[in-house]
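Numbering (our numbering), first residue to last: 878 to 1211.
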Amino acid sequence: MHPEAFREALVDWFSTHQKDYPWRRTKDPWAILVSEMMLQQTQVATVLDRGYFTRWMERFPTPADLAAADESEVLSLWEGLGYYNRARNLQSATVVIRDEHHGRFPRELSTIETLPGIGRYTAAAVYSFAFDKPAPLVDANVARVIARLYHFDQRIDTAAGQKFLWDTAAELLDQQRPRDFNSALMELGQAICKPRAPRCKECPVADWCQSFQQDRDPATLPIKKPKRETVLVDEHAIWSHRDDGAVLLQHESGTRRKGLWKLPLRSVESVSHLPVIYRSTYGITHHRVSLTVYQSDSSEKPRKDESWVPATDLPTTPMASPFRKALDKLLSSC
Ligand code: SF4
878 MHPEAFREAL
888 VDWFSTHQKD
898 YPWRRTKDPW
908 AILVSEMMLQ
918 QTQVATVLDR
928 GYFTRWMERF
938 PTPADLAAAD
948 ESEVLSLWEG
958 LGYYNRARNL
968 QSATVVIRDE
978 HHGRFPRELS
988 TIETLPGIGR
998 YTAAAVYSFA
1008 FDKPAPLVDA
1018 NVARVIARLY
1028 HFDQRIDTAA
1038 GQKFLWDTAA
1048 ELLDQQRPRD
1058 FNSALMELGQ
1068 AICKPRAPRC
1078 KECPVADWCQ
1088 SFQQDRDPAT
1098 LPIKKPKRET
1108 VLVDEHAIWS
1118 HRDDGAVLLQ
1128 HESGTRRKGL
1138 WKLPLRSVES
1148 VSHLPVIYRS
1158 TYGITHHRVS
1168 LTVYQSDSSE
1178 KPRKDESWVP
1188 ATDLPTTPMA
1198 SPFRKALDKL
1208 LSSC
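This is the structure:
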């Protein structure tokens, strides 16, 4: 490997092939942090085409705006992106920026890393993209590229595997152009070195790639622990709708969806005599959930964690997507 020539080839390719994203047009660390948090676990198309990033930045143009917001509004704006801890962590980070950094976004890597919910990758991304400072970064795209470049045929999700990836990213990093280099490496993984069908013939760094040069199948890399088996789960919910338009809803329990609402869940035994009015399936982590909604009536008594939510509040009441879809469908057929 000759890092200089490798860097040159990669950054040259990026300069003519890079995609135009709003977070690439800015050096505002806040906007870059928001984009990075949204893009964890969520496709670029969802974040961009469905307007999440734009809406968020319009409503919370600075960390101070988010720090001062009501959690319910924050979760409502995040609705549909899933993994709601990201929104809560973002808000916690803005509170720290307001209270401990006089409202100024920190400029040191070690300080950015101390913000709530900001891991090594996200801190390095903000540091290199906003301030153009050298910090290696490894996300899923970069991990795949590095594993193939070096034909690393061991697991990457072990301590040793992670060390190899981060050490290699540090060696490869272009100290003079960290922003462009890191963006280029990530884009190479997204656009060319794809998980199942890498486009090696179009790859600007094929000359340095051991998988390609040794004629090994890059699609077998990287190696990770096998995925957990899918677990099937049944959820049984009721639909109670009053004449004034209010709907009975239940607070989500557990940390993953804290602060969100859902249709009230019941045991199958207690609802099996009621008519089924809605069915759907959805995935969450390694679970495949079958949701069945039964017609109840307005005499339903709210339990401790349940409330009648007025019709006017329903659009801004934060709900996970599967329940939002059910609610919208059932309201439209009332
Ligand atoms: S040559 Fe193929 S496997 Fe190697 S980095 Fe390029 S796209 Fe990936």
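All residues carry an ideal CB built from backbone N, CA and C; glycine is no exception.
Note that the structure is predicted; figures quoted are calculated from it, not measured.
Rounded Cβ spacing between residue i and residue j (contact assumed at less than 8 Å)
i	j	result
Leu943	Thr971	4 Å
Trp1185	Ala1123	4 Å
Ile1154	Leu1098	Not confirmed; about 48 Å, so no contact.
Leu1014	Tyr1027	No, Leu1014 and Tyr1027 are not in contact; Cβ-Cβ is about 17 Å, not under 8 Å.
Glu1079	Lys896	With a Cβ gap of about 15 Å, Glu1079 and Lys896 do not count as contacting.
Phe937	Met915	Contact flag wrong, Cβ pair sits at about 12 Å.
Asn1059	Ser1005	5 Å
Asp1057	Phe891	6 Å
Closest residue to residue i among the options (Cα-Cα distance)
i	options	result
Gly980	Lys896, Pro906, Leu1098 and Ala1001	Pro906
His879	Cys1070, Cys1086 and Glu1146	Cys1086
Thr1132	Met914, Gln1172 and Arg965	Arg965
Glu1177	Leu1207, Val1015, Gln1127 and Asp1190	Gln1127
Pro1055	Gln1031, Asp1030, Leu1098 and Ala1007	Ala1007
Ile974	Pro940, Val1003 and Tyr1004	Pro940
Arg1156	His1164, Tyr1171 and Ser1149	Tyr1171
Ser1173	Ser1149, Ala1188 and Asp897	Ser1149
Trp933	Glu950, Leu1151, Gln917 and Val921	Glu950
Lys1135	Tyr929, Leu952 and Ala922	Leu952
Glu1106	Phe937, Asp1190, Arg1165 and Leu1042	Arg1165
Val1003	Gly994, Ile989 and Asp1016	Ile989
Pro1179	Leu1142, Pro993 and Cys1077	Leu1142
Leu1168	Asp1190, Arg1201 and Ser1175	Arg1201
Asp1120	Pro1187, Asp1057, Thr1162 and Gln1067	Pro1187
Pro993	His894, Cys1077, Leu910 and Asp1034	Leu910
One or two residues paired with residue i in a DSSP bridge
i	result
Tyr1171	Ile1115 and Val1153
Tyr1159	Val1166
Arg1032	Ile1100
Leu837	The structure shown does not extend to residue 837, since the chain spans only 878 to 1211, so no value can be given for it.
Leu1204	For Leu1204, which the question treats as bridged, DSSP gives no partner whatsoever.
Leu1109	Arg1165
Rounded separation between residue i and residue j - CA only
i	j	result
Ala1047	Pro1011	9 Å
Cys1070	Asp1051	20 Å
Ser1117	Pro1195	18 Å
Phe883	Leu1049	8 Å
Glu919	Leu958	Glu is not the amino acid found at residue 919; the sequence shown has Thr there. Distance between the alpha carbons of Thr919 and Leu958 is about 7 Å.
Arg1025	Asp1094	9 Å
Val1019	Pro983	25 Å
Asp889	His1113	55 Å
Gln1091	Asp1084	11 Å
Leu1140	Lys1101	37 Å
Tyr960	Tyr1159	14 Å
Asp1009	His978	21 Å
Ala1061	Asp926	22 Å
Pro1072	Arg1021	7 Å
Asp1205	Leu1137	16 Å
Gly1038	Arg902	33 Å
Glu935	Tyr898	16 Å
Asp976	Ser912	23 Å
Thr947	Pro1075	Position check: residue 947 holds Asp in this sequence, whereas Thr was assumed. Using only the alpha carbons, I get a separation of about 44 Å.
Glu956	Glu881	44 Å
Val1145	Val1110	12 Å
Leu986	Gln1053	17 Å
Leu1125	Glu1183	7 Å
Pro1081	Ser1088	14 Å
Phe1041	Ala1017	14 Å
Ser1198	Asn962	15 Å
Thr991	Ala886	35 Å
Leu1151	Leu967	42 Å
Ala1036	Asp1044	12 Å
Gln1067	Gly996	21 Å
Local conformation of residue i per DSSP, three classes
i	result
Glu1183	strand
Lys1139	strand
Met1196	strand
His978	coil
Met915	helix
Asp926	helix
Phe1008	helix
Glu885	helix
Pro938	coil
Tyr998	helix
Closer than 6 Å: residue i CB and nearest ligand 2 heavy atom
i	result
Phe1089	What this structure holds is ligand 1, not ligand 2.
C-beta neighbour in chain C for residue i, strict 7 Å
i	result
Asp1092	The chain labelled as chain C is not found in the depicted structure, where only one protein chain is given.
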